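>
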Amino acid sequence: MSEHDLRKDENASAHEQNDEVTRDNALFVSEWKVKAGETLEFPIQGREGEIAIDWGDGSSDVINSGNDAYISHQYRRRGIYTIKVDGTITRWSCNIHDNDKDNAMNSSKLIEILSYGKTSFGPYAFSCACNLVALPEGESPRFFENRMVGVFYKASRFNQSIQHWDTSSITDMSRMFWDAKSFNQPLGKWDTSNVTDMSGMFTGAKSFKQSLNDWNTSNVTVMCYMFSGAKRFNQPLNDWNTSRVTDMSYMFNRAKSFNQTLDNWNTSNVTNMSEMFSNAKSFNQPLDKWNTSRVTDMSNMFSGAKSFNQPLDNWDTSNVTDMSNMFENSGLDKDDYPTFLKE
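Add 136 to a position in the sequence shown, counting from 1, and you land on the number used in the numbering used here.
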């Protein structure tokens, strides 16, 4: 069979199965591309009672015991297969191995989720799913313990609108788009009022440049690494409520385009600002109104921030124990360093 005929056969099979999916959203339905003789690990990490799996190749299994995380199936022919699960999955996540390489070998086979069914997703739900391109349109997934940790971690091709998701109960969005290199969709309407952790949320999300200024961040305590390596991000954030944030370390590290005003931020509870703007080459905004009275670490804070040359003489640095390399290779000459570094 030629490659053209194989692909034609794959597509016909997938479309037939997808038509059936639209008639039964109670099933958890996903699409995978596998090679001949390849084994697929279906990453169920928790369930309620018995579940039935249709592997899409004419075979099926009923699962009621054993190690859920390693339910697997070997395919005789290469192709695109639609897997249907009937039952309640309490935790499903591609993160079933101890390292990204092994996870990627399995999750890279995932192409699409067609229906969520009765499934809740665990931390790193689609981690290393580098070929995932689509999720159910208009549907909002459920997340185990209301945590969206690492949902699209290294899902490098995913770039679908998820603005409609219900995030009102979510408490943790850390690492959500870590190295999601293609993602650039609006998220401004998300309800983030219960989120406490946004650390590493857009780390390495080099395409992302959407507005987030309307987010309610009043309960967030951790923002470290949030935009680290988000090379194109340059949106206003000055309306954010940062009154509870304690850690802003590496927040804009390597965010090469970012140059927005942040003078309205309440930093009265921040203790760690190390590397906050390190290598943020465009940043040059006034920060002299910030309350830094509780900060203990300012090491490398503006290191490599080549444009930054703002006065900071008003800062209270009485509790800072580490200011090492604070302005190394920044836009400030040593003669213009703040008075607290000259004392």
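Where is the CB? At the ideal position from N, CA and C, for every residue including glycine. All of these numbers come straight from a predicted model, not from anything done at the bench.
Which partner residues does valine 221 have in the DSSP bridge list?
Phe164, Ile189
> Can you grab the Cα-Cα spacing for the pair leucine 268 / asparagine 405, in whole Å?
Distance between the alpha carbons of leucine 268 and asparagine 405 is about 39 angstroms.
> Helix or strand or just coil, what does DSSP make of alanine 270?
strand
> Given a cut-off of 9 angstroms, decide if asparagine 427 and aspartate 458 are closer than it, judged by their beta-carbon atoms.
In this structure, asparagine 427 does not lie closer than 9 angstroms to aspartate 458 by Cβ.
> Write down the C-beta distance between aspartate 449 and proline 474 rounded to the nearest angstrom, noting that I regard them as a contact closer than 8 angstroms.
About 5 angstroms; that satisfies the 8 angstroms criterion.
> Taking just the CA atoms, how far does lysine 220 sit from glycine 192?
For the pair glycine 192 and lysine 220, the Cα-to-Cα distance works out to about 7 angstroms.
> Enumerate in chain order the residues of its own chain whose CB-to-CB distance from asparagine 355 is below 8 angstroms, with the five nearest sequence positions on each side excluded.
Ser329, Asn330, Val331, Thr332, Arg380
> So, with DSSP's three-state summary, where would you put threonine 226?
strand
> Decide if asparagine 147 is buried, meaning its Cβ has at least 16 other Cβ atoms within 10 Å, or exposed.
Residue confidence for asparagine 147 is low, a pLDDT of 47 falling below 50, so the modelled location carries little weight and cannot support an answer.
> When the Cα of valine 358 is compared with those of Glu167, Gly336, Thr224, which residue comes out closest?
Gly336
> In angstroms, rounded to a whole number, what distance separates the CA positions of threonine 369 and leucine 271?
In the sequence under discussion, the amino acid at residue 369 is phenylalanine, which differs from the threonine named in the question. Roughly 25 angstroms separates the two Cα atoms.
> Tell me, to the nearest whole angstrom, how far the beta carbon of asparagine 352 is from that of serine 385; I am working on the premise that it is less than 8 angstroms.
With a beta-carbon spacing of about 23 angstroms, asparagine 352 and serine 385 fall beyond the 8 angstroms limit used to define contacts.
> Mapping the DSSP letters down to three states, classify leucine 477 as helix, strand or coil.
DSSP places leucine 477 within a helical segment (H, G or I) once states are collapsed to three.
> Since phenylalanine 279 contacts phenylalanine 257 with CB under 8 angstroms, what's their CB separation in whole angstroms?
5 angstroms
> Measure the alpha-carbon distance for serine 318 versus methionine 312 and round it to whole angstroms.
13 angstroms
> Do lysine 245 and leucine 176 have their CB atoms nearer than 9 angstroms?
yes
> In angstroms with no decimal places, state the Cα-to-Cα distance between serine 166 and asparagine 455.
Taking the straight line from one Cα to the other gives about 53 angstroms.
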